[in-house]
């Protein structure tokens, strides 16, 4: 959700913001996604409302770095582009627009306005009625007057006497007076006046921020100036009296952009953690638009909350976010650390590092740590309160281990009895500890349940690295560097040890269901080992550099993600056979950090035997760059209909005229597509559910045509899906975005189509490829249909 | 949107004795009154009728005390040798006492001379009592016999010679006028029925029995010797529970007025109070010397303990505190509460919501506005520093987390440094504060290193800090040594443990409560 300032539509009813390749339109009142504007094939870098036509917007992307539209110059916009031939130099150019407002425009007429500007859109601003343009770079401010064709340059010394850093970070121009506000790296804001004279310019300084000013914005009348920075405090300066200012503190994370609606009733701040806050003009917090919050560092891994099936991971600093995959919304954020977070660079603040849920989601265990000269550790156990429907802190244990906690797991027994519940933590202090619930029989005590340590185990003073309970909870496997030890969980006797030298154990897990007699371990020397617990012998081992080992809780399948030659590959196998069921080589160029199986609400019917393992749960990955990905078997349309509103589909409904019309249209289409090849045809015959749903739903319950149309069009765009991801990476990615109906860019889910791999290898590439002309034809159809919507 | 989060003050579980309803109840006694008697006090008995006088048997006398009197209001001293076990009848009018010479004397409370004298025992009679039909007396003597006497005719009805050692304790059933129980040094407790010629039940206690007690319901019998054992009479004398909380012989037993708590006094100078539902110790009292007798007045108003050195320890319950104090505080009038709150906004009104006022501590307010130095000052106020040091330390930790602790500590004058150092010296050895306060001490020494030697006061404090830390290091070393020794001991013990466990399993039927003896 970043990359550009968010823009309010006229009347402040909608908010437009750039999000990856799309522009998203949110309702200000309900914070819901209203519309997704597609068209770019690369990052959108700027969004502006067209000054004369209230309903039009300009968007730019790909190599155009910033966009400005002025009411005074009707038919031209200003963009920042890299100077041809030189790297890292950018120029501001004005582009004449052709009247035909098409989808894409090829700019023909360019006239350079300013050279050597900063690439950031924050560093250039247009003054009162477009009379001048101000741009800052490093320690230089340049102002260009259009009428006089005069360029004034002002420069500051790089550092002043007090050690302040004078580098400019952003600029804003007063809407009615000749006044420029500039933000600096040391937190100062300078207000420049009288800058049309080269020598007699003046500036005054405002100072509150202790770190970089990240964005500035003047209010509509210019009476106040808004500034935001790393402190995550929105500061409102009243221009009349210098020192008066208002604050809106604790906005969650650093403010990247500040924007103001055209009628001045709303402010909006975009934050670095992928969130937009809408604020009333009286500095009251109003709404927040957020998807998956981008944490600085996901340490907890991907955990699935058994109660809500939500994905749980680090959110805001010190918080745990519960992210619903179906609705792409944050369900809630649980404050774990419960300390005031100081937004200041270089501070060591406690953060959440480990999370574990008990089998029914009744208990939540969290570990937070803060490391400075000595380590501060806290283990917290939270109890789910049915009344308030949230987790309540039950026990807090400070310094549960003397060193970092490496892993933590609950004993997953399905019985509801509490006394079988058990938590195991492993630490780098060479021990693992078992925690159990103590029941206080005293009726006067405040809370009857609390956790305490039951057993401390160690093995030859090796560091404990991983722990895992078997499915029935009778055995506990703890890995100590190179050795896996298996303990009886009732008597805490060491049963047996496994070792596969050389290489330390990276992760371990027990097999499930029919494979519960196997224990799987991955070593950092690139071996995947499977031990038989009955014979205490190595069953098989494979040479594979496994980074993530994730068992499916509902089946016996285990997913292993390997990292080889800078590419991640996925292997799915059953422990009882050494041969993997499914291999997805090189599905991602980034290193996979974590994976999680999310159980499906309804088991899916999957035709292909290859994807049978995805029947009951879905696999999600988190990469190094915090992108969330999934493995999917379904075609795009199906996914979309699922995520869209659940419409009542009944076969017995009478055929509506609309469906007849569409049906006829579809028939024609499919006939036209016959020559596209067998596979395409085949696909059409299996009757995509999107179309089916469209036809069988009575008109009065159908959503708006603009909503249905993309689904319909996409259902016709079958040919693309037959292409593999490697061949057309950007297109597939775009398509996957459509499929997921995501609201933020980092959720770009790479689809791996059913037809992706195997048929491709067997049948060869040519059969799947469309000829250029056919592709064009399809594009044309799409364009036509879009215009048809706008008529509506 | 998030509001300011106050500093979390880490709660530490309170060590030591837990405060329960029981401890509060049993602590509610005034400081004891000590009365010196002539010899060891072998029996204290409360009159069952108001004004609840009590008879104390010591040496050759039986003294009757009023509840609040320090001097005996009446004395029976017609004994040639020691008197034993002066006991009231249910109506509080008659008193019976045994004696060393073997005779049993019956007194009228108002008179002086004995009404009756029962002769028949050949040796000392240590236990006498009334049956609940009021007209018979049972007794047990050192001649191994226990007898039943008729009061009107002063004759022996029946004599049982079933015990094989001294009979030293006994009690009568409150429900059945024919049943009484005696305990003897032959390790048995026998239940007699006056209608039969022999005992109806014999319970093997396992140790010389010093005291027996029958619950008011008659279903449970408590016997005390080395241990206190509770028996189920209705199940034919099955052992219910064995209480091994005293480490010396238990000499006396007593129930409280509600029957919910059992008290036992022992030669180990403790009185322990058990819950009769869980048979766990809920409270205990300490006394100066070994306890021989114990009595609790109706409504638990007074606890009296008699000791071997002849001291009578009387504790009276504190009067209930009146709650007038809290009522004096005037509450604001009702109209101040509803002022402006019952106004319903009309449709055209613009509603401006006022956020609820949150009350913050002073240091939180200062921390919220990033005034770290002042926040530190605020928590060094005497009442916070002395009574809630955890608050001070938590704020120091918070400042450290914010990276402003050094600047907050810097720039202080002599008095403030000395105050800080006193606090650190005193608290640095507490394990929960140690990590934070070591950082603080480090910073203080760093900051004020250049000015060492300028102030005698500060120098003295530094030396004291050094001393405290040096002492703590010595302690830790010693503790580690002890730990090492214990490890060595445990290592030798582990082999024996396996057999020990098996033993425990074999006698699993008898439920024993192995509690820490010295609770």
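Protein chains in written order, with full-length UniProt numbering: chain A, 1 to 792; chain B, 1 to 519. Don't be surprised by glycine CBs; every beta carbon is placed ideally from N, CA and C.
Neighbour list for residue 349 (chain A) in chain B, Cβ cutoff strictly below 8 Å
In chain order: 401.
Secondary structure, beta strand (DSSP E): runs of 3+ residues fully inside the segment 284 to 312 of chain A:
Those beta strand (DSSP E) runs which fall completely within the segment 284 to 312 of chain A and span 3+ residues are 285 to 290.
Rounded to a whole number of angstroms, what is the C-alpha to C-alpha distance between residue 90 (chain B) and residue 79 (chain B)?
Computed Cα separation, rounded: 24 Å.
Closer than 8 Å, CB to CB, is residue 340 (chain A) near chain B or not?
Closer than 8 Å to some Cβ of chain B, the Cβ of residue 340 (chain A) qualifies, so yes.
Sequence-distant residues of its chain with Cβ nearer than 8 Å to residue 174 (chain B) (five each side left out)
Excluding sequence neighbours, residue 174 (chain B) sits near 132, 214, 216, 218.
Thinking C-beta only, is residue 541 (chain A) closer than 8 Å to residue 528 (chain A)?
Cβ distance < 8 Å, so residue 528 (chain A) and residue 541 (chain A) count as in contact.
Interface residues of chain B around residue 374 (chain A) at Cβ under 9 Å?
Those are 435, 438, 439, listed as they occur along chain B.
Let me see if you follow: with CB-CB separation under 8 Å, is residue 327 (chain A) close to chain B or not?
Proximity of residue 327 (chain A) to chain B, defined by a Cβ-Cβ separation below 8 Å, is not satisfied.
With a threshold of 8 Å, are at least 3 pairs of Cβ atoms found where one atom belongs to the segment 315 to 330 of chain A and the other to the segment 286 to 294 of chain A?
Contact annotation: the segment 315 to 330 of chain A touches the segment 286 to 294 of chain A, with at least three C-beta pairs closer than 8 Å.
Just to confirm the assignment: which complete beta strand (DSSP E) runs, minimum length 3, are found wholly within the UniProt repeat "WD" (243 to 284) of chain B?
For the UniProt repeat "WD" (243 to 284) of chain B, whole beta strand (DSSP E) runs of length 3 or above, ordered along the chain, are 250 to 255, 261 to 266, 270 to 275.
Look up residue 759 (chain A) in the DSSP assignment and say whether it is helix, strand or coil.
Unreliable positioning characterises residue 759 (chain A) in this predicted model, as indicated by a pLDDT of 36, which lies under 50. The coordinate reading is nonetheless provided below. The three-state reading of DSSP puts residue 759 (chain A) in helix, counting H, G and I together.
Measuring only the C-alpha atoms, how far is residue 210 (chain B) from residue 47 (chain B)?
Straight-line Cα distance between these residues: approximately 22 Å.
If we define contact as Cβ-Cβ less than 8 Å, is residue 8 (chain B) a contact residue for chain A?
Under the Cβ criterion of 8 Å, residue 8 (chain B) is counted among the residues facing chain A.
Among A:237, A:115, A:389, A:708, the one whose alpha carbon lies nearest that of residue 222 (chain A):
Of the candidates A:237, A:115, A:389, A:708, the one whose C-alpha sits nearest the C-alpha of residue 222 (chain A) is A:237.
Under a CB-based cut-off of 8 Å, is residue 787 (chain A) close to chain B?
At residue 787 (chain A), the pLDDT of 45 sits below 50, so the modelled position is not reliable and the matter cannot be decided from this model.
Please state the DSSP three-state secondary structure of residue 334 (chain B).
Residue state, collapsed to three classes: helix.
Using 8 Å as the threshold, is the C-beta distance between residue 437 (chain B) and residue 393 (chain B) below it?
Cβ atoms of residue 437 (chain B) and residue 393 (chain B): closer than 8 Å.
Determine whether the Cβ of residue 363 (chain B) lies closer than 8 Å to any Cβ atom of chain A.
Chain A, which has no Cβ nearer than 8 Å to the Cβ of residue 363 (chain B), makes this no.
Under 8 Å, do residue 408 (chain A) and residue 395 (chain A) count as touching if we go by C-beta distance?
Taking 8 Å as the Cβ cut-off, residue 408 (chain A) and residue 395 (chain A) do not qualify as a contacting pair.
For a cutoff of 8 Å on Cβ pairs, would you count residue 5 (chain B) as touching chain A?
Chain A contact via Cβ: present.
Within 8 Å, strictly: CB atoms of residue 154 (chain B) and residue 118 (chain B)
Yes, Cβ-Cβ distance for residue 154 (chain B) and residue 118 (chain B) is below 8 Å.
Residue-level contact to chain B via CB, residue 398 (chain A), 8 Å cutoff
Chain B, which has a Cβ nearer than 8 Å to the Cβ of residue 398 (chain A), makes this yes.
Once DSSP output is grouped into helix, strand and coil, what is the label at residue 344 (chain B)?
Here residue 344 (chain B) sits in coil by DSSP.
Same chain only: Cβ atoms within 7 Å of residue 76 (chain A), ignoring 5 sequence neighbours per side:
Once the five neighbours on either side are set aside, the close Cβ partners of residue 76 (chain A) are 94, 95, 96, 97.
Please go through the same chain and pick out, in chain order, the residues whose beta-carbon is closer than 6 Å to the beta-carbon of residue 258 (chain A), but skip the five residues on each side of it.
A distance below 6 Å between beta-carbons, with the five flanking residues on each side excluded, links residue 258 (chain A) to the following residues of its chain, in chain order: 215, 217, 226, 228, 269.
If I measure Cβ to Cβ from residue 284 (chain A) and keep anything under 7 Å in the same chain, skipping five residues before and after, which residues do I get?
Within the same chain, no Cβ atom closer than 7 Å to the Cβ of residue 284 (chain A) is found once the five residues on either side in sequence are excluded.
Roughly how many angstroms lie between the CA atoms of residue 549 (chain A) and residue 520 (chain A), to the nearest whole one?
In this structure, the straight-line span from the alpha carbon of residue 549 (chain A) to that of residue 520 (chain A) is close to 9 Å.
Taking 8 Å as the cut-off, decide whether the C-beta atoms of residue 23 (chain A) and residue 16 (chain A) are in contact.
Yes, these two residues count as a Cβ contact at 8 Å.
Alpha-carbon spacing of residue 37 (chain A) relative to residue 26 (chain A), whole angstroms:
Spanning the two alpha carbons is a distance of roughly 11 Å.
I'd like to confirm the pairing. Which residues does DSSP put opposite residue 360 (chain B) in its beta bridges?
As far as DSSP is concerned, residue 360 (chain B) takes part in no beta bridge.
Touch check for the segment 617 to 630 of chain A and the segment 326 to 343 of chain A: three-plus C-beta pairs under 8 Å?
Short answer: they don't touch.
Reduced DSSP category for residue 404 (chain A) - H, G, I as helix; E, B as strand; rest coil
Reduced to three states, the DSSP call for residue 404 (chain A) is coil.
At which residue ranges does the segment 197 to 241 of chain A contain complete beta strand (DSSP E) runs of 3 or more residues, listed in the order of the chain?
Within the segment 197 to 241 of chain A, the complete beta strand (DSSP E) runs of at least 3 residues are 202 to 207, 213 to 218, 224 to 229, 234 to 238.
Contact between the segment 29 to 39 of chain B and the segment 308 to 323 of chain B is defined here as three or more beta-carbon pairs at a separation below 8 Å; is this criterion met?
The segment 29 to 39 of chain B, when compared against the segment 308 to 323 of chain B, does touch it at the 8 Å Cβ threshold.
Between the CA atoms of residue 300 (chain A) and residue 365 (chain A) - distance to the nearest angstrom
When rounded, the distance between both Cα atoms is 11 Å.
For residue 531 (chain A), which three-state DSSP category applies?
It is a strand residue.
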